[in-house]
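Visitor: Pasting in a structure now, in structure tokens, and then I'll have a few things to ask.
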Amino acid sequence: MRDRRPLFLMTPALAWLTAFMVVPCLLILALAFFRRGLYGGIDYTLTWENIALVFDPLYAGIFLKSAWIAGLSALIAVILGYAAAYAIAAMPRRHQPLLLFFAVLPFWSNYLVRTYAWIVLLNREGLIVHLARLLGFEGELPRMLYTETAVVIGLVYNYLPFVILACYAPLSRLNPEVTEASRDLGASPWTTFRRVVLPMTVPGIATGFTFVFVLSIGNFVTPALLGGGQFQMIGNLVYAQFLTANDWPFGAALSIFLIAIMMGLLTLQTFASEKASGGRNA
Amino acid sequence: MRNAPLPLMLAILAGVFAFLYLPISVLVALSFNDGGLPTAWTGFSTKWYGALFANADIMGAALNTLIVAVISTILATLFGTLLAVGVEIRRRKGRFLETLIFAPMIIPDIVLAIALLSFFSLLGVTMGLHTIILAHVVFNLAFVCSVVRARLKTFDWSIVEASTDLGAPTFTTLRRVIIPVLSPAIIAGALLAFTLSVDEFVIAFFTAGAGRASTTLPMQIYAMIRFGVTPEINALATIVMGISVLALTLSQRLNRGGLPGQ
Chain E
1 MRDRRPLFLM TPALAWLTAF MVVPCLLILA LAFFRRGLYG GIDYTLTWEN IALVFDPLYA
61 GIFLKSAWIA GLSALIAVIL GYAAAYAIAA MPRRHQPLLL FFAVLPFWSN YLVRTYAWIV
121 LLNREGLIVH LARLLGFEGE LPRMLYTETA VVIGLVYNYL PFVILACYAP LSRLNPEVTE
181 ASRDLGASPW TTFRRVVLPM TVPGIATGFT FVFVLSIGNF VTPALLGGGQ FQMIGNLVYA
241 QFLTANDWPF GAALSIFLIA IMMGLLTLQT FASEKASGGR NA
Chain Y
283 MRNAPLPLML AILAGVFAFL YLPISVLVAL SFNDGGLPTA WTGFSTKWYG ALFANADIMG
343 AALNTLIVAV ISTILATLFG TLLAVGVEIR RRKGRFLETL IFAPMIIPDI VLAIALLSFF
403 SLLGVTMGLH TIILAHVVFN LAFVCSVVRA RLKTFDWSIV EASTDLGAPT FTTLRRVIIP
463 VLSPAIIAGA LLAFTLSVDE FVIAFFTAGA GRASTTLPMQ IYAMIRFGVT PEINALATIV
523 MGISVLALTL SQRLNRGGLP GQ
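Line by line, the protein sequences give chains E and Y. Going by the working numbering, the residue at position 38 of the first sequence is 38; the numbering climbs one at a time, nothing skipped. Going by the working numbering, the residue at position 234 of the second sequence is 516; the numbering climbs one at a time, nothing skipped.
What follows is the structure, encoded as structure tokens:
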């Protein structure tokens, strides 16, 4: 009886997750190996074509482009987020929870609204152009909206709060005596940071980077709104296969690669965390 | 940390907070701008809010969003809480189980969206608000579960043993002992689920089916951004952000354990 109790409590949720997450994801896995039907349906003959098509230079190029944009966004977000988390951790303890709360608050407000805010700032008649004119700037400003830069800004802006959260956790747990010991032993502040603080906070950095990278590479909203269809990312490609091109098997194959990238990065992140905590025990 | 140069730290904080809050503050300010244009302030006005409430499309979308958010929150809170209690009672921690519970929070939304679209289409299910609700419960229950589990880490299980020893059946123990102690965390989780559901766009977009009947507020906002921006959108953005901020502040107040990941 004692052992069956937790099972009965978990059943509704586990059944729900199985029916509406596990089974649909397995379905996608299966779909990737079928042929596209003549009129957009699915022809149930097994094939490797969809998987092979992902490696076609055209699509492989989109994958690389997406990885570049996601990687750049993740890198910038980690640098800004780490600096912010470090600064929050340097404030008096009693102020830290409130600062952290306000750093994370935008993350939970509407993603579309936060992206739209950048359209207002960056567009040709937008606030930044207007401010530049007010400040006496005469010439033609380069186009800002519908560029790669705009997409990167949008992704960094949207995911920065999470990176702050992820980096703050190990920074706040850092024992001040350790950094004091380093200073007492004659290390400069920079050396102390590089050799002591940074290695101990790698798990936070790894978590933040992984999170931004994974969410950016599969994103279709930001490239559509801030990139203005100037270039495609994998998210847009998947979107198109399902809603316009009607090639579901190929869309499924692309999604499998997205999941594979996500799982690979999560494994790396776990590895980085374990290595960092192992180093601490040694 | 204490040795960090204070002026530099304050400058970093000022910079990051300005980056985070200036863009959304601009939207809020614009929603009260009479002329509606970002380039000229022509006086304070609430007319865009008036226009919003007179717009039948937006009001319909708001009602749909409310229906989806309320129903999916209720289901997710129930299932997520039971799941959290079940997982924490079990001594044995299965890696597979942990992954299954964690997956809805990390899986790229586009993947879950197309998976559910394929699933519902192949089953021949007509899509609409009900399929959005089914989908939203998936990630909402995972978030509720993680908030409740955080509270259970400091839970005193001896009161459960006392209840059992005094002869209370499992269900009574759950209802009279566990749930009351957990209620702040449960409400915090529910508020979080509610805002997630109100704001969720990608999965709703894919599982809403054809036609305008099941358009939710984020879908309406997306369409407004893509096909012709009207100043009303600033007012709508302000209201939507206001709802999230309110729900989240309440959630944080109730739950000392903090947000997931914190």
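Think of the CB as a built atom: it goes at the ideal place given N, C-alpha and C, for glycine as much as any other residue.
CB ALA103/E to CB VAL298/Y, shorter than 9 Å?
Guide: Yes.
Visitor: In whole angstroms, what is the alpha-carbon distance linking ILE460/Y and PHE101/E?
Guide: Each residue's Cα considered, the two are about 28 Å apart.
Visitor: Roughly how many angstroms lie between the CA atoms of ALA253/E and ARG494/Y, to the nearest whole one?
Guide: In a straight line, the C-alpha of ALA253/E is about 30 Å away from that of ARG494/Y.
Visitor: Could you tell me if GLY318/Y is buried or exposed, where buried requires 16 or more neighbouring beta carbons within 10 angstroms of its beta carbon?
Guide: Answer is buried; the Cβ neighbour count reaches 16.
Visitor: Please report the straight-line C-alpha distance between ALA338/Y and LEU357/Y, rounded to a whole angstrom.
Guide: Taking the straight line from one Cα to the other gives about 29 Å.
Visitor: Measuring only the C-alpha atoms, how far is ILE164/E from LEU75/E?
Guide: C-alpha separation (whole angstroms): 13 Å.
Visitor: Kindly list, in the order they appear in chain Y, the residues whose Cβ is closer than 8 Å to that of PHE101/E.
Guide: Those are GLN534, listed as they occur along chain Y.
Visitor: Does any residue of chain Y have a CB that is nearer than 9 Å to the CB of ARG280/E?
Guide: Since pLDDT at ARG280/E reaches only 47, below the 50 mark, its modelled position is unreliable, and no value is offered.
Visitor: Could you work out which residues of chain E lie near VAL527/Y, taking near to mean beta carbons separated by less than 7 Å?
Guide: Going along chain E in sequence order, the residues near VAL527/Y (Cβ under 7 Å) are LEU105, SER109.
Visitor: Could you pull the start and end residues of the alpha helix (DSSP H) that ASP447/Y belongs to?
Guide: Its alpha helix (DSSP H) spans residues 440-447.
Visitor: Just the C-alpha distance for THR324/Y and LEU160/E, rounded to the nearest angstrom, thanks.
Guide: Using only the alpha carbons, I get a separation of about 34 Å.
Visitor: Restricting to Cα atoms, I'd like to know which of PRO223/E, GLU274/E, ALA276/E, SER255/E is closest to LYS65/E.
Guide: Considering only alpha carbons, the answer is PRO223/E.
Visitor: Expressed to the nearest angstrom, what Euclidean distance is found between the alpha-carbon atoms of VAL120/E and LEU304/Y?
Guide: Going from the Cα of VAL120/E to the Cα of LEU304/Y covers about 12 Å.
Visitor: Under 7 Å between beta-carbons, which chain E residues line up against ALA300/Y? List them in chain order, please.
Guide: The contacting residues do not exist; ALA300/Y stays about 11 Å from chain E at best.
Visitor: What is the rounded straight-line gap between the Cα of PHE211/E and the Cα of TRP108/E?
Guide: Each residue's Cα considered, the two are about 15 Å apart.
Visitor: How many Å lie between LEU478/Y and TRP190/E at the Cα?
Guide: The straight-line gap from Cα to Cα measures roughly 41 Å.
Visitor: To the nearest angstrom, report how far apart ILE88/E and THR455/Y are at their CA atoms.
Guide: Their Cα atoms are separated by approximately 42 Å.
Visitor: Just to make sure I have the definition right: I need the residues of chain E whose C-beta is within less than 8 Å of the C-beta of MET291/Y. Which are they?
Guide: What MET291/Y touches in chain E: TYR86, ALA87, ALA90, MET91.
Visitor: Counting contacts by CB-CB distance shorter than 9 Å, is GLY543/Y in contact with chain E?
Guide: Confidence at GLY543/Y is low in this model, with a pLDDT of 42, below 50, so the placement of that residue should be treated as unreliable; the coordinate-derived value is given next. Interface residue, yes.
Visitor: Taking 9 Å as the threshold (beta carbon to beta carbon), is ASN50/E in contact with chain Y?
Guide: It does not; no Cβ of chain Y falls within 9 Å.
Visitor: If you reduce the DSSP assignment to three classes, tell me which class ARG183/E lands in.
Guide: Note: ARG183/E maps to helix in three-state DSSP.
Visitor: Who are ASN315/Y's beta bridge partners in DSSP?
Guide: ASN315/Y is bridged to PHE326/Y.
Visitor: Taking the straight line between their C-alpha atoms, what separation do you get for PRO6/E and LEU360/Y?
Guide: Going from the Cα of PRO6/E to the Cα of LEU360/Y covers about 15 Å.
Visitor: Which residues, taken in chain order from the region 118-142 of chain E, show a beta carbon closer than 8 Å to some beta carbon of chain Y?
Guide: Residues TRP118, ILE119, VAL120, LEU121, GLU125, GLY126, LEU127, HIS130.
Visitor: Counting C-beta neighbours from all protein chains within 10 Å, is the total for ILE79/E 16 or more, i.e. buried, or is it exposed?
Guide: Flag for ILE79/E reads exposed.
Visitor: Would you list the residues sitting across from LEU121/E in a DSSP beta bridge?
Guide: DSSP lists no partner for LEU121/E.
Visitor: Residues of chain E with a CB under 7 Å from the CB of TYR504/Y: which are they?
Guide: In chain order: LEU112.
Visitor: Within the continuous alpha helix (DSSP H) that includes PHE220/E, where are the two ends?
Guide: Looking at the DSSP string, PHE220/E is not in any alpha helix (DSSP H), and its letter there is neither H nor E.
Visitor: Around the Cβ of ILE306/Y, are there at least 16 other Cβ atoms within 10 angstroms (buried) or fewer (exposed)?
Guide: Result: buried.
Visitor: Once DSSP output is grouped into helix, strand and coil, what is the label at THR436/Y?
Guide: The answer is coil: DSSP assigns THR436/Y none of H, G, I, E or B.
Visitor: So the alpha helix (DSSP H) ASP339/Y belongs to, where does it begin and stop?
Guide: Counting along the chain, the alpha helix (DSSP H) containing ASP339/Y begins and ends at 338-371.
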